[in-house]
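Have a look at the structure below, then the notes.
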Amino acid sequence: MTSNSVTDDSVTGAHETRPLVPHEPDHRFERSSRLVGHEYVIPDYYEVGREKIRELSRAIQNQHPAHHKEAAAAELGYGGLVAPATFVSVVGSIAIDYLFAHILVEYEITAVMQTDQGFVLHRPVMQGDQLVSTLQVLSIRQFAGNDILVVQNHLTSHGEDVCTSTTTFIARSDADVDPRAAALVDAVLPASVPRMGPTARPTA
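Reading the sequence shown from the start, the letters are residues 1249 to 1452 in the numbering used here.
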């Protein structure tokens, strides 16, 4: 006959009987897993400005003339300044905040760490682009007490493909979040981050 209790005398020296506690199902993981295969369009676009391109190019010390001078960009056949490839990270940071604020709401962003990221640039980001982010949760799985999340961000401008990025996160769904850390994250997030709810649709 099996018993629903365990005996432990390692601390007190006496036999103590404790009931076995049944394993609690991970409801957070279950709820988040239902989002796999869905797309979420961030309801506002990011307009790429001339001065923002110049500002970022100076910050990363990229002196290519096409990032700074419209005449140099025109010589290469472009109608405005060309953004350096790393410009997509500006839009990506906004998308990540939106992702955990409105979509993967079971996870607190201060308990999430990015572990991998890849980009496919379909064309350069240009001055005047109106970049729309379409987020898709590709997979969610559990490993060693953590949730592994893979998310795709597809950027378009006026319906034209610009960039597709795939990002992997590791998250503790049961993590206790220090409110001071959460306040610090909120303080440094850009004020331009959209706060409206997502438009969701299942993929075919």
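By construction, the Cβ of each residue, glycine as well, lies at the ideal position given by its N, Cα and C atoms.
Among the residues of its own chain, which have a CB less than 7 Å from the CB of residue i, if the five just before and after it don't count?
i       : result
Ser1281 : Ile1388
Val1360 : Phe1348, Phe1417 and Ala1419
Gly1407 : none
Leu1324 : Ala1314
Leaving out five residues on either side along the sequence, give the residues of the same chain with a beta carbon under 6 Å from the beta carbon of residue i.
i       : result
Pro1313 : Ala1320
Gln1365 : Thr1415
Gln1400 : Gln1384, Leu1386 and Thr1414
Which residues share a DSSP beta bridge with residue i?
i       : result
Phe1417 : Gln1362 and Leu1397
Glu1295 : Gln1378
Gln1390 : Asp1395
Thr1404 : Val1380 and Asp1409
Leu1369 : Cys1411
Val1385 : Val1399
Val1339 : According to DSSP, Val1339 bridges with nothing at all.
Would you tell me roughly how many angstroms separate the C-alpha atoms of residue i and residue j, rounded to the nearest one?
i       : j       : result
Val1410 : Val1398 : 20 Å
Gly1327 : Ala1333 : 17 Å
Tyr1346 : Ile1308 : 25 Å
Ile1357 : Gln1384 : 18 Å
Arg1302 : Asp1395 : 38 Å
Pro1372 : Glu1299 : 17 Å
Gln1362 : Ser1337 : 13 Å
Glu1354 : Asp1377 : 33 Å
With 16 as the cutoff for other CB atoms within 10 Å, does residue i come out buried or exposed?
i       : result
His1315 : buried
Ala1331 : buried
Val1368 : exposed
Leu1386 : exposed
Gln1311 : exposed
Ala1322 : exposed
Phe1352 : At residue 1352 the sequence reads Leu, which differs from the Phe that was named. Per the 10 Å Cβ criterion, buried.
Kindly give me the distance between the Cβ atoms of residue i and residue j, rounded to whole angstroms, as I take these residues to be in contact under 8 Å.
i       : j       : result
Thr1382 : His1350 : Thr1382 to His1350, Cβ: 14 Å. No contact.
Val1296 : Leu1379 : 7 Å
Ser1405 : Gly1340 : The Cβ separation is near 15 Å, so there is no contact.
Tyr1294 : Ile1342 : 7 Å
Gln1390 : Phe1277 : 6 Å
Glu1318 : Leu1329 : 6 Å
Quick one: what's got a C-beta closer than 8 Å to residue i's C-beta in the same chain, skipping five residues either side?
i       : result
Val1284 : Val1385, Leu1386, Ser1387 and Ile1388
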